[in-house]
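Chemist:
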Amino acid sequence: MKHKPLNGLGKLLMKIDNVSICIIDDEDVYFNKAMLNTAKNSGFNEIDRYSKIDYALLDRLQKNPYDIVVLDVQGITEPSIAKDGMQIASLLSRTTCSYIVITSAHQFHLINDMTKVDYIMENKIQTTADFIDELIEIVDDFISKKTSFYKKIIFKIGFSMFKKSISQ
Amino acid sequence: MLDICIRCPSKDCEKSKIETFDFCQYGVAFYNTGSIIKKKEESVTLRHISHNLRHELNKVLQTIVAEASLIDPNVSTKRIDLDNPASKIVGATVIIDQFIEMIAGVNEFHPSSHYSANLDKKTNLIKILDKYSKVFSLIVNTRRSKNINFNFEVDKKTDITFASHIIEYIISIMIDNIWKYSIDGSTATVSSIKINTSDINLKFINISRPILDSEMIFEKGFQSRNDSEGFGYGLYWAQVLVQYYNELSKRDSDLLELTHEQNLLENEQAKQTFIIRNLRS
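Chains as they are written, first to last, in the numbering used here: chain A, 25 to 192; chain F, 458 to 738.
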């Protein structure tokens, strides 16, 4: 049961100083429109969704990094840019402060081949509600690992209210 | 050397007796001459098929789950509501996903210690037990058990605190087996016992018909009866996951274990006890 005033205020504060999120997956059915709309309605209104990484996006990812980047490991790059999403993840981990999430349909394969990233989405089959649950976990981990105390303080207060409202 | 053999950590072929012809767990046929091991990989390997099967079917399952989410935006793969048709659709896809993952895992999985993220992700134990006791009740046929009562003697606050995705999979195999082999209308009990500040033992007890050759229960392909509901891969896969968990945990003692004990009862019945020991919580 949601606590409505707390939920509304939390989402408002989150939107003032939001975390920027970039999701790159070549399959439209993952991270689909319904999920992204629900995420926006839940206060995460700075989510960009791409199918492929071209040179312009790679440039953006490095020069103007997102707070969080979610990458599928297969099918999102041309060979001229990178071998696969894992290589992009490795590059962004080394050259930016972005919080890197990787995802694949092959959970155990993914674990075996993994380079150092911040988070692995282990279960790719997700309902809209699962996606929001996992997004909250990711943002929580991002806040604790990649932000200083004062950075995004308004977002943190709003996010804390939002979490409390949906746990009641 | 064959591509699949380069990555193989177990090298069972090299441990085989002289003049053995067999297939290893990764589908490579081998013959031990005594001086050399002759090997032949299938032109399309089982590993290759498994890998692609998962890749293709995952999109189909995600499409089903996405459509179920449109029917009811609150459905979740983590919480199954047996009174909600959309949630039951999601539950059925969870079963298919688990099964495909097992096939892919058995055939392409190699333990590794390179994993470096998410190992400390916590998952609530009672929620996992509740989910899978409901999920596996969705499959109804003449060979599966009916009207099983689950009794969870587990503290609601207990979380799995290390490699919870692996433990969740092992638990799902245990509960699927309870639904496959229990006597109709019997009670299955799952209880946790704290053994020290960081570990619990998780005990699964159910009543079934006696299992013949029960000491072989973890062998790949083991079936107690020809008309058995299972293929004999679940408990083998559970042991592979236990081995993998121990690789990751880097403990020298108090390793994770999965054990089984059978006690024969009257009227052609037996009490089956599986214990997951030294589970971090």
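Quick reminder that beta carbons are idealized off the backbone N, C-alpha and C, glycines included. Treat the numbers as computed from the prediction; the structure is a model and nothing was measured.
(1) Locate the beta strand (DSSP E) running through residue 720/F, then write down its first and last residues.
(2) Would a C-beta distance cut-off of 8 angstroms place residue 724/F and residue 149/A closer than the cut-off?
(3) Examine chain A for any beta-carbon lying closer than 8 angstroms to the beta-carbon of residue 651/F, and answer yes or no.
(4) If we call anything under 8 angstroms between Cβ atoms a contact, is residue 548/F one with residue 560/F?
(5) What's the call for residue 702/F, buried or exposed, on a 16-neighbour Cβ count within 10 Å?
(6) Taking the straight line between their C-alpha atoms, what separation do you get for residue 681/F and residue 627/F?
(7) Just reading off the alpha helix (DSSP H) that residue 726/F is part of, what are its end residues?
(8) Going by other Cβ atoms of all chains shown within 10 Å of its Cβ, with 16 needed for buried, is residue 31/A buried or exposed?
(9) Using DSSP's beta-bridge definition, name the partner residues of residue 125/A.
(10) Per DSSP, what kind of secondary structure is residue 81/A in: helix, strand or coil?
(11) In the DSSP assignment, the alpha helix (DSSP H) including residue 592/F goes from what residue to what residue?
(12) Please list the partners that residue 111/A has in chain F, where partner means a Cβ-to-Cβ separation under 8 angstroms.
(13) Using the beta-carbon of each residue, which ones in chain F are nearer than 8 angstroms to residue 148/A?
(14) Note down the Cα distance separating residue 670/F from residue 726/F, rounded to an integer number of angstroms.
(15) Report the residues of the stretch 47-77 of chain A with a CB closer than 9 angstroms to any CB of chain F, ordered along the chain.
(16) Determine whether the beta carbon atoms of residue 91/A and residue 178/A lie at a separation below 8 angstroms.
(17) Suppose you measure from the CA of residue 572/F to the CA of residue 705/F; what does that come to, to the nearest Å?
(18) From this set, 483/F, 530/F and 490/F, which residue's C-alpha is nearest residue 507/F's C-alpha?
(19) Specify whether the stretch 513-531 of chain F and the stretch 47-60 of chain A touch according to this definition: at least 3 beta carbon pairs, one from each stretch, less than 8 angstroms apart.
(20) Please specify which runs of the beta strand (DSSP E), each continuous and at least 3 residues long, are wholly inside the stretch 622-651 of chain F, giving them in chain order.
(21) Please list, in chain order, all residues of the same chain as residue 75/A whose beta carbon is under 6 angstroms from its beta carbon, the five residues on each side excluded.
(22) Using beta carbons (cut-off 8 angstroms, strictly below), is residue 477/F in contact with chain A?
(23) Might you give, ordered along the chain, the residues of its own chain that have their beta carbon closer than 6 angstroms to the beta carbon of residue 133/A, omitting 5 neighbours on each side?
(24) Count the other CB atoms within 10 Å of the CB of residue 634/F; is the residue buried (16 or more) or exposed (fewer)?
(25) Let's test the definition: count the other Cβ atoms within 10 Å of the Cβ of residue 597/F and tell me whether it reaches 16, buried, or not, exposed.
(26) Would residue 89/A and residue 120/A be called neighbours here (beta carbons separated by less than 8 angstroms)?
(27) Could you tell me whether the Cβ of residue 699/F comes closer than 8 angstroms to any Cβ of chain A?
(28) On a CA-only basis, which of 699/F, 661/F and 667/F is nearest residue 731/F? Give me that one, please.
(29) Output needed for residue 625/F: all residues of its chain with C-beta closer than 7 angstroms, excluding positions within five of it in sequence on either side, in chain order.
(30) Under a CB-based cut-off of 8 angstroms, is residue 467/F close to chain A?
(31) Assign residue 511/F to buried or exposed, taking buried as 16 or more other Cβ atoms, counted over all protein chains shown, within 10 Å of its Cβ.
(32) Give the interface partners of residue 83/A over in chain F, defined as CB-CB distance under 7 angstroms, in chain order.
(33) Within 8 angstroms of any Cβ in chain A, is that where the Cβ of residue 542/F sits?
(34) Would you grab the beta carbon distance between residue 649/F and residue 698/F for me? Rounded to a whole angstrom, and I think it's under 8 angstroms.
(35) Checking contacts by CB at 8 angstroms: is residue 106/A closer than that to chain F?
(36) Along chain A, which residues have their Cβ under 7 angstroms away from the Cβ of residue 532/F?
Modeler: Looking at the atomic coordinates:
(1) 714-721
(2) no
(3) no
(4) no
(5) buried
(6) 20 angstroms
(7) Looking at the DSSP string, residue 726/F is not in any alpha helix (DSSP H), and its letter there is neither H nor E.
(8) buried
(9) 94/A and 143/A
(10) helix
(11) 582-592
(12) Here the premise fails: no neighbours, minimum Cβ distance about 16 angstroms.
(13) 515 and 519
(14) 15 angstroms
(15) 51, 53, 54, 56, 58, 59 and 62
(16) no
(17) Residue placement at residue 572/F is poorly supported in this model, since its pLDDT is 49, which falls under 50; the coordinates are not used for a value here.
(18) 483/F
(19) yes
(20) 644-651
(21) 50
(22) no
(23) Bear in mind that a pLDDT of 48 at residue 133/A, under 50, signals an unreliable position, so the model cannot answer this.
(24) buried
(25) exposed
(26) yes
(27) no
(28) 661/F
(29) 580 and 585
(30) no
(31) buried
(32) Residues of chain F passing the Cβ test: none, with the nearest at roughly 27 angstroms.
(33) no
(34) 19 angstroms between Cβ atoms; not a contact.
(35) no
(36) 151 and 153
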